[in-house]
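2 protein chains.
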Amino acid sequence: MTPYEFRQTVRRGEFSGNTAGICEGYIQANLAIMPLKYANDFQKFCDANPKPCPVLAVSEPGSPALPTLGKDIDVRTDVPGFFIYRDGRFVGEERSLAHLWQNDFVVFAIGCSYSFEYILLRAGLPIRHLELGCGVPAYDTNFPNVPAGLFGGNLVVSMRPFKAADAIRAIEITSRHPNVHGSPVHFGDPAEIGIKDLNKADYSDRSEVRAGEFPVFWACGITPQVAIISARLPLGIGHAPGHMLVTDIPLSTIVSE
Amino acid sequence: MTPYEFRQTVRRGEFSGNTAGICEGYIQANLAIMPLKYANDFQKFCDANPKPCPVLAVSEPGSPALPTLGKDIDVRTDVPGFFIYRDGRFVGEERSLAHLWQNDFVVFAIGCSYSFEYILLRAGLPIRHLELGCGVPAYDTNFPNVPAGLFGGNLVVSMRPFKAADAIRAIEITSRHPNVHGSPVHFGDPAEIGIKDLNKADYSDRSEVRAGEFPVFWACGITPQVAIISARLPLGIGHAPGHMLVTDIPLSTIVSE
Numbered sequence: 030m031t032p033y034e035f036r037q038t039v040r041r042g043e044f045s046g047n048t049a050g051i052c053e054g055y056i057q058a059n060l061a062i063m064p065l066k067y068a069n070d071f072q073k074f075c076d077a078n079p080k081p082c083p084v085l086a087v088s089e090p091g092s093p094a095l096p097t098l099g100k101d102i103d104v105r106t107d108v109p110g111f112f113i114y115r116d117g118r119f120v121g122e123e124r125s126l127a128h129l130w131q132n133d134f135v136v137f138a139i140g141c142s143y144s145f146e147y148i149l150l151r152a153g154l155p156i157r158h159l160e161l162g163c164g165v166p167a168y169d170t171n172f173p174n175v176p177a178g179l180f181g182g183n184l185v186v187s188m189r190p191f192k193a194a195d196a197i198r199a200i201e202i203t204s205r206h207p208n209v210h211g212s213p214v215h216f217g218d219p220a221e222i223g224i225k226d227l228n229k230a231d232y233s234d235r236s237e238v239r240a241g242e243f244p245v246f247w248a249c250g251i252t253p254q255v256a257i258i259s260a261r262l263p264l265g266i267g268h269a270p271g272h273m274l275v276t277d278i279p280l281s282t283i284v285s286e
Numbered sequence: 030m031t032p033y034e035f036r037q038t039v040r041r042g043e044f045s046g047n048t049a050g051i052c053e054g055y056i057q058a059n060l061a062i063m064p065l066k067y068a069n070d071f072q073k074f075c076d077a078n079p080k081p082c083p084v085l086a087v088s089e090p091g092s093p094a095l096p097t098l099g100k101d102i103d104v105r106t107d108v109p110g111f112f113i114y115r116d117g118r119f120v121g122e123e124r125s126l127a128h129l130w131q132n133d134f135v136v137f138a139i140g141c142s143y144s145f146e147y148i149l150l151r152a153g154l155p156i157r158h159l160e161l162g163c164g165v166p167a168y169d170t171n172f173p174n175v176p177a178g179l180f181g182g183n184l185v186v187s188m189r190p191f192k193a194a195d196a197i198r199a200i201e202i203t204s205r206h207p208n209v210h211g212s213p214v215h216f217g218d219p220a221e222i223g224i225k226d227l228n229k230a231d232y233s234d235r236s237e238v239r240a241g242e243f244p245v246f247w248a249c250g251i252t253p254q255v256a257i258i259s260a261r262l263p264l265g266i267g268h269a270p271g272h273m274l275v276t277d278i279p280l281s282t283i284v285s286e
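Chain order of the listed sequences is A and B.
At the far end of the first sequence sits residue 286, using the working numbering, and the numbering has no gaps.
At the far end of the second sequence sits residue 286, using the working numbering, and the numbering has no gaps.
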């Protein structure tokens, strides 16, 4: 199935699941959607925090299209799930934005770690949560984002465990891909970045770090949603975790090896 | 002083010390010198072990010149110290090769970590052994080199301690410089690569890893001398540790940032 065909399937309401493994070889994107009056500050926030928020594309105000990312994209219907935030609080999940759409909405598409996981797998590196068949464990940290306007909050990180030699390779590889979160922000002692218990992820699933492995932490695409919460926007929207926009852009355009 | 002027100083016998910090901003090189009949296998050994043995230049048989690395280089006299090996044993140090030179000698110039230390310092990363004013600690490992002909032995590594975030940055940076040993081969538990006691370096000086730091291990330019020993050549020569060939090649030609 092509990314276009997949998005049409979502648009028809025939798919509402996790997009992990969907249309392998194409870039997937996190989303952040908000009224135009906040968009300029949010762009500044992303520019100031490029590791968690690498911007891939921004829509015209009021437009649900992202023409540089794919044919006939309508983010209102082509993404399998959304998280809705009002006044800084999560108020529910939606499968479509048709009824919530505002003519002043701006859509930010942000790089997603599914892309670099594909690159790591191609390099022969094991990805624990994929082996376990669960989502990547993600954690709030005590590391403050660089604020911009109303947007702030702390960095959220995702964690993948590796032995030292594999961690070195993973750092090498991801450092070449700043559009999908780039190199890690930390490895080793979780307490150093304010994570109390590695076994209790703040977002998503179980974690498992085995003897001889280091937990390696990358900036996570949940961070922009934390920023939306911290800004207490009257209405802000993100993709539901794991429910990404699948773009027409081949990963080969960003994979240099 | 230009590298040419420095080499002339060495040639006149006026300098026989460590070349750390000499002619900053220019590539320095490790040396391996041996009879032509072994040179082909040694080249294969270097090709098979690019991290410890990144070849920068090879001389014509019998020639002590390396024209691609600098003006009027005569390695016999322009390098401040040599280690001499006979039949697989270290037999002494020399300040000149004038009396030992053979018309069948081939000179290999090999990338040196002094270059990447300069790059790391420029990036604002602290280098412990430079702060302490001593040589980099280096260790024999249990990690076998890929053998070629008579040449084999185990990898030698150098160690620099870093906090996690700095280690990530050091890995990112050195991975872009394969000509000067590239990315590390290991970090964390020394026992995993056969190092029993981090405080007892097999080569050079003291080591000091502080709380919250990881020892990070890079392939080391001592490895080719271990390979010469392992091959039991009737006569093989290396630079004395820390006593490098200073070339005319600016580091800016390999530093991308």
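Where a beta carbon is used, it is the ideal one built from N, C-alpha and C, also for glycine.
As the structure is a prediction and not an experimental result, all values here were calculated from the model.
query: Among residues of its own chain, excluding the 5 on either side of Pro257 of chain A, which ones have a beta-carbon nearer than 6 Å to its beta-carbon?
result: Here residue 257 of chain A is taken as the residue at index 228 of the first sequence, counted from 1. Going by the sequence as given, residue 257 of chain A is Ile instead of Pro. Once the five neighbours on either side are set aside, the close Cβ partners of Ile257 of chain A are Tyr114, Gly265.
| task | Rank B:Ala49, B:Asn47, B:Glu53 by C-alpha distance to the C-alpha of Leu311 of chain B and give the top, closest one. | result | Chain B is shown from 30 up to 286; residue 311 of chain B falls before or after that span and cannot be answered.
Exercise. Is any beta-carbon of chain A found at less than 7 Å from that of Gly217 of chain B?
Worked result: What you label residue 217 of chain B is simply residue 188 of the second sequence in a count that begins at 1. So, interface residue.
* In angstroms with no decimal places, state the Cα-to-Cα distance between Leu227 of chain A and Leu154 of chain A. => Start at 1 with the first residue of the first sequence, and residue 227 of chain A comes out as number 198. Start at 1 with the first residue of the first sequence, and residue 154 of chain A comes out as number 125. If you take the alpha carbons of Leu227 of chain A and Leu154 of chain A, they lie about 21 Å apart.
Using the rule of at least 16 other Cβ atoms within 10 Å of the residue's Cβ for burial, across every protein chain shown, is Pro263 of chain B buried or exposed? Residue 263 of chain B sits at position 234 when you count from the first residue of the second sequence. Classification of Pro263 of chain B: exposed, given that the 10 Å Cβ count is below 16.
Note to self: On the criterion of 16 or more Cβ atoms from any shown chain inside 10 Å, does Asp80 of chain A qualify as buried, or is it exposed?
What the structure shows: Position 51 of the first sequence, counted from the start, is the residue given in the question as residue 80 of chain A. Note that residue 80 of chain A is Lys in the sequence shown, not Asp. Label assigned to Lys80 of chain A: buried.
Kindly indicate the opening and closing residues of the beta strand (DSSP E) around Glu123 of chain A. Reading the first sequence from its first residue, position 94 is the one you call residue 123 of chain A. Note, Glu123 of chain A: beta strand (DSSP E), 118–123.
message = Does any residue of chain A have a CB that is nearer than 7 Å to the CB of Ala193 of chain B?
response = Here the question's residue 193 of chain B lines up with position 164 in the second sequence. Output row for Ala193 of chain B: interface = yes.
Notebook entry, point to check: Is any beta-carbon of chain B found at less than 7 Å from that of Ile224 of chain A?
Noted result: As a first step, residue 224 of chain A must be located in the first sequence, where it is residue number 195. Taking Cβ atoms only, chain B never reaches closer than 7 Å to Ile224 of chain A, which makes this a no.
Margin query: For Ser285 of chain A and Ile202 of chain A, what's the separation of their Cα atoms in angstroms?
Written below: Counting from one through the first sequence, the residue named residue 285 of chain A turns up at place 256. Counting from one through the first sequence, the residue named residue 202 of chain A turns up at place 173. Legend: pLDDT at Ser285 of chain A = 49, less than 50; position of this residue unreliable, value from coordinates given subsequently. For Ser285 of chain A and Ile202 of chain A, the distance between alpha carbons rounds to 9 Å.
### Distance between Tyr33 of chain A and Gly182 of chain B (C-alpha atoms, nearest Å)
Translated into positions along the second sequence, residue 182 of chain B becomes position 153. Translated into positions along the first sequence, residue 33 of chain A becomes position 4. Looking at the two C-alpha atoms, the distance is approximately 55 Å.
Q.
Strictly below 8 Å CB to CB, what residues from chain A border Val214 of chain B?
A. Numbered from its first residue, the second sequence carries residue 214 of chain B at position 185. For Val214 of chain B, the neighbours in chain A by C-beta distance under 8 Å run, in chain order, Ala194, Ile197.
### Query
If you follow the alpha helix (DSSP H) that Gln57 of chain A is part of, which residue opens it and which one closes it?
Translated into the one-based positions of the first sequence, residue 57 of chain A becomes position 28. Counting along the chain, no alpha helix (DSSP H) covers Gln57 of chain A; the unbroken beta strand (DSSP E) around it starts and ends at 55–64.
- Query: From Ala49 of chain A to Leu150 of chain A, what distance separates their C-alpha atoms?
  - Reply: Residue 49 of chain A sits at position 20 when you count from the first residue of the first sequence. Residue 150 of chain A sits at position 121 when you count from the first residue of the first sequence. Answer to the nearest angstrom: the Cα atoms are 13 Å apart.
Who are the neighbours of Ile200 of chain A on chain B, taking C-beta pairs under 7 Å? Your numbering for residue 200 of chain A matches position 171 in the first sequence. Simply Ile197, Ile200, Glu201.
_The alpha helix (DSSP H) enclosing His128 of chain B, as first and last residue numbers_ = On the second sequence, residue 128 of chain B is found 99 positions in, with the first residue counted as 1. Where His128 of chain B is concerned, there is no enclosing alpha helix (DSSP H), given that its DSSP letter is neither H nor E.
- Please compile the residues from chain A whose C-beta is within a distance smaller than 8 Å of the C-beta of Glu221 of chain B. Within the second sequence, numbered from 1, the residue matching residue 221 of chain B stands at position 192. Listed along the chain, the chain A residues whose CB falls inside 8 Å of the CB of Glu221 of chain B are Ala193, Gly241.
* So Gly107 of chain A is in the alpha helix (DSSP H); what residue range does that whole segment cover? -> Working through the first sequence from its first residue, we reach residue 107 of chain A at position 78. Note that residue 107 of chain A is Asp in the sequence shown here, rather than Gly. Counting along the chain, the alpha helix (DSSP H) containing Asp107 of chain A begins and ends at 104–107.
Tell whether a beta-carbon distance below 7 Å holds between Val104 of chain B and Pro93 of chain B. By one-based count along the second sequence, residue 104 of chain B stands at place 75. By one-based count along the second sequence, residue 93 of chain B stands at place 64. Their beta carbons are under 7 Å apart, which means Val104 of chain B touches Pro93 of chain B by this criterion.
| For Glu34 of chain A, which three-state DSSP category applies? | Along the first sequence, read from residue 1 onward, the residue named residue 34 of chain A stands at position 5. DSSP places Glu34 of chain A in helix when its eight states are reduced to three.
Counting C-beta neighbours from all protein chains within 10 Å, is the total for Val185 of chain A 16 or more, i.e. buried, or is it exposed? If you number the first sequence from 1, residue 185 of chain A lands on position 156. Per the 10 Å Cβ criterion, buried.
Tell me which residues share the same chain as Ser45 of chain A and place their Cβ nearer than 7 Å to its Cβ, disregarding the 5 neighbours each side in the sequence.
If you number the first sequence from 1, residue 45 of chain A lands on position 16. Cβ neighbours of Ser45 of chain A within its own chain (closer than 7 Å, five residues either side excluded): Pro109, Gly110, Arg124.
*Please decide whether Ser125 of chain B counts as near chain A, where near means a Cβ-Cβ distance under 7 Å.*
Stepping through the second sequence from its first residue, residue 125 of chain B is reached at position 96. Not one chain A Cβ lies under 7 Å of Ser125 of chain B.
Indicate whether Met273 of chain A and Gln57 of chain A have their beta-carbon atoms separated by less than 7 Å. By 1-based counting over the first sequence, the position of residue 273 of chain A is 244. By 1-based counting over the first sequence, the position of residue 57 of chain A is 28. Cβ atoms of Met273 of chain A and Gln57 of chain A: closer than 7 Å.
In chain order, each alpha helix (DSSP H) run of at least 4 residues that lies wholly inside the region 144–219 of chain B | 157–161, 193–204
- Task: Alpha carbon to alpha carbon, how far is Lys192 of chain A from Arg235 of chain A? Give it in angstroms, no decimals.
- Result: Position 206 of the first sequence holds residue 235 of chain A. Position 163 of the first sequence holds residue 192 of chain A. Their backbone Cα atoms lie some 19 Å apart in a straight line.
Q) DSSP puts Pro263 of chain A in a beta bridge; with which residues? A) Here residue 263 of chain A is taken as the residue at index 234 of the first sequence, counted from 1. For Pro263 of chain A, which the question treats as bridged, DSSP gives no partner whatsoever.
Query raised in the report: Would Ser285 of chain A count as contacting chain B if we go by Cβ distances under 7 Å?
Result: As a first step, residue 285 of chain A is located in the first sequence; it is residue number 256 there, counting from the start. Residue placement at Ser285 of chain A is poorly supported in this model, since its pLDDT is 49, which falls under 50; the coordinates are not used for a value here.
Going by the CB atoms, is the gap between Asn208 of chain B and Gly140 of chain B shorter than 7 Å? In the second sequence, the residue the question calls residue 140 of chain B occupies position 111. In the second sequence, the residue the question calls residue 208 of chain B occupies position 179. In this structure, Asn208 of chain B lies closer than 7 Å to Gly140 of chain B by Cβ.
Sort B:Ala77, B:Thr31, B:Leu129 by Cα distance to Asn174 of chain B and report the nearest one. Residue 174 of chain B sits at position 145 when you count from the first residue of the second sequence. Considering only alpha carbons, the answer is B:Ala77.
- Message: Using a Cβ-Cβ cutoff of less than 6 Å, which residues in the same chain neighbour Asn132 of chain B once the five nearest sequence positions on both sides are dropped?
- Response: As a position in the second sequence, residue 132 of chain B is number 103, starting the count at 1. Excluding sequence neighbours, Asn132 of chain B sits near Gly91.
query: In this structure, what does DSSP give as the bridge partners for Arg115 of chain B?
result: Walking along the second sequence from the start, residue 115 of chain B turns up at place 86. For Arg115 of chain B, which the question treats as bridged, DSSP gives the partners B:Arg118.
Measuring from the CB of Gly223 of chain B, is there a heavy atom of the ligand HEM at a distance below 6 Å? Here there are no bound small molecules, and the ligand HEM is not part of this structure.
| Residues in the region 88–117 of chain B with C-beta within 8 Å of chain A's C-beta atoms, listed in sequence order? | none
Residues that DSSP places opposite Phe74 of chain B in a beta bridge: Within the second sequence, numbered from 1, the residue matching residue 74 of chain B stands at position 45. Looking at the DSSP assignment, Phe74 of chain B forms no beta bridge with any residue, so it has no partner.
Handout entry: As assigned by DSSP and simplified to three states, the class of Glu221 of chain A
Key = Here the question's residue 221 of chain A lines up with position 192 in the first sequence. Per DSSP, reduced to three states, the secondary structure at Glu221 of chain A is helical.
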